[in-house]
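For reference, the structure is listed below as structure tokens.
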DNA sequence: CATCTTTTTTGAACATGTTCAATATTTTTC
DNA sequence: GAAAAATATTGAACATGTTCAAAAAAGATG
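Chains as they are written, first to last, in the numbering used here: chain A, 42 to 278; chain B, 42 to 278.
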């Protein structure tokens, strides 16, 4: 009943060929100066075929981003299962590995953000159509946080905050022309230092009122994923 | 020596006609489904003329955003000069008036963010080509903060933080389908409350070390406008 | 295997952003 | 006011993302 099973059916093969060629071309030249005709030619198919597998040129980038996400999950799981690490180390791995994966494709990455401000666009990186990807991304941070002892509200807040930080770092990475994108790495380190520091402070009961204020503001305005009705999952089955 | 003086030369007149028609059409339908041919037809000129005045379709949106910015400056200046207000009130006016101006054009606004992730694009809202706009926007917050008594580092940090907050609120506004976009307004209020609260805390000398950490992190990585060499202005003439 | 159904592939046609050489108009110069 | 220079305008031509009816290939059914 599902599309393309394990065995690489003919269709899946073409899809992959188109995807691979497209990525190669995007990397050699760049997204905008690569035409769908280029992609089709290189893949040895007609333009129509490319559209049979990808609903638009940008959809190829979305497929790319899904691959990135999978690889990210894989790497984080691998690293965290290897040995026991403290929170700071775990978060660092989560952030770092994402940057590692994506670093060579800074130009492609930009396209992912192209419809940030257009909610109804199927590729809007904040829109409903990408909810699953987003959820996955946040879940990865939840996984990295693991069973770390944290006040309830912080447990709710931290993953989203880290996701937002990651988005910011991706943007920074795109603009970062320092050799090896060291600048972005440094900002990441610094931001994680600050995060740990703030977490320390936040555990202090004196900060309770402030925390409540923040969480309530976000919750009431549906800025925390669990509180978007469309997303809410049964909490106590 | 300058283009188009006070007297509306013929050219400026056409430009304005094209701009007006374009905006009207963008609002009636939307950005993407309005074609340059539509715009040209409605303005009673040939397509080429539209391109003589606007280097691209998106450039019309940039022009729109400049108008918004001007209007924003005007309103803030007007409101702040009317009577003496406290910091919270001043910041609120700065934020609020921006939302007021832009609210009816939530769909257009999205286009402003279209090249966020593409530094070299002339319309990249974080790129070098829009540096002036950004600077203006931050300056407006500096103006709103006025001569409020603040530690030096906060004086450096706050305007940028407010600018970032404003960008976030604009994105939120675009996604906000609550009646009258109340949700965005509430988040704004809440965010300003928190800002004031944090400012209060930050004035406490005990937070000095943390503040220094934050400022240094941003400065070292050129994330504060004054420290981008390309931007630096003589500070002590 | 013959037939029917589904999946895949094709490529011409279309829509629309953009360019540009040619033309017209306006402004400047003397 | 005529000639020259600068500015404005035209619209056909181009490039490229996308669509779609038709054809081909693969798979299912009997």
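Cβ coordinates follow ideal geometry from the N, Cα and C atoms, glycine included.
What residues from chain A crowd round residue 152 (chain B), counting only those whose CB sits closer than 8 angstroms? 158, 159
Quick one: complete alpha helix (DSSP H) runs, 4+ long, within the region 91-164 of chain B? 98-123, 128-143, 147-153
For the alpha helix (DSSP H) that contains residue 280 (chain A), what are its first and last residues? This structure does not reach residue 280 (chain A), given that chain A is present from 42 up to 278, and the question cannot be answered.
Chain A contacts made by the region 231-258 of chain B, where a contact means CB separation under 9 angstroms: 231, 232, 234, 235, 238, 239, 242, 251, 254, 255, 257, 258
Tell me whether residue 262 (chain B) is buried or exposed, calling it buried when 16 or more other Cβ atoms sit within 10 Å of its Cβ. buried
Just checking, does the region 158-165 of chain B make contact with the region 150-159 of chain A on the three C-beta pairs under 8 angstroms criterion? yes
Only counting the same chain, and skipping five residues up and downstream in sequence, which positions put a Cβ closer than 8 angstroms to that of residue 243 (chain B)? 192, 195, 252
As a quick exercise: from A:174, A:238, A:143, A:231, pick the residue whose alpha carbon is nearest that of residue 221 (chain A). A:143
Under 8 angstroms Cβ-Cβ, which residues of chain B neighbour residue 228 (chain A)? 258, 262, 264
Can the beta-carbon of residue 235 (chain A) be found less than 8 angstroms from the beta-carbon of residue 254 (chain B)? yes
Could you please give the first and the last residue of the uninterrupted alpha helix (DSSP H) stretch that includes residue 55 (chain A)? 51-69
Could you tell me whether any Cβ in chain A is nearer than 8 angstroms to the Cβ of residue 179 (chain B)? no
Taking the alpha-carbon positions, what's the residue 250 (chain A) to residue 102 (chain B) distance? 43 angstroms
Mind checking residue 178 (chain A): buried by the 16 CB within 10 Å criterion, or exposed? buried
Contact set between residue 167 (chain B) and chain A, taken where Cβ atoms lie within less than 8 angstroms: 212, 216
Does the beta carbon of residue 273 (chain B) come closer than 8 angstroms to any beta carbon on chain A? Because the pLDDT at residue 273 (chain B) is just 41, under 50, the model does not fix this residue reliably, and the value given afterwards should be weighed accordingly. No, residue 273 (chain B) does not count as interfacial toward chain A.
Interfacial residues, the region 115-136 of chain A to chain B, with Cβ spacing under 8 angstroms: none
Is the region 58-69 of chain B in contact with the region 78-97 of chain B, if contact means three or more CB pairs nearer than 8 angstroms? yes
8 angstroms Cβ cutoff met for residue 117 (chain A) and residue 205 (chain A): no
Just the Cα atoms here: how many angstroms apart are residue 260 (chain A) and residue 171 (chain A)? 21 angstroms
Just how far apart, CA to CA, sit residue 67 (chain A) and residue 53 (chain B)? 40 angstroms
Is it true that the CB of residue 164 (chain A) sits closer than 8 angstroms to the CB of residue 99 (chain A)? yes
Measuring straight from C-alpha to C-alpha, what distance separates residue 219 (chain B) and residue 122 (chain A)? 44 angstroms
May I have the straight-line CA-CA distance separating residue 213 (chain A) from residue 225 (chain A), to the nearest angstrom? 6 angstroms
What in chain B is Cβ-close to residue 224 (chain A), meaning under 7 angstroms? 262
How about residue 155 (chain A): is its C-beta nearer than 8 angstroms to some C-beta of chain B? yes
Hey, out of A:238, A:190, A:199, whose CA is closest to residue 256 (chain A)'s CA? A:199
Range of the contiguous alpha helix (DSSP H) that encloses residue 72 (chain B): Careful: residue 72 (chain B) lies outside any alpha helix (DSSP H) and carries neither H nor E.
Starting from residue 222 (chain B), follow the alpha helix (DSSP H) in both directions and report where the run begins and ends. First-last for residue 222 (chain B): undefined, no H or E at that position.
Provide the residue span of the alpha helix (DSSP H) that contains residue 87 (chain B), from first to last. It is not in any alpha helix (DSSP H) - residue 87 (chain B) carries neither H nor E in the DSSP assignment.
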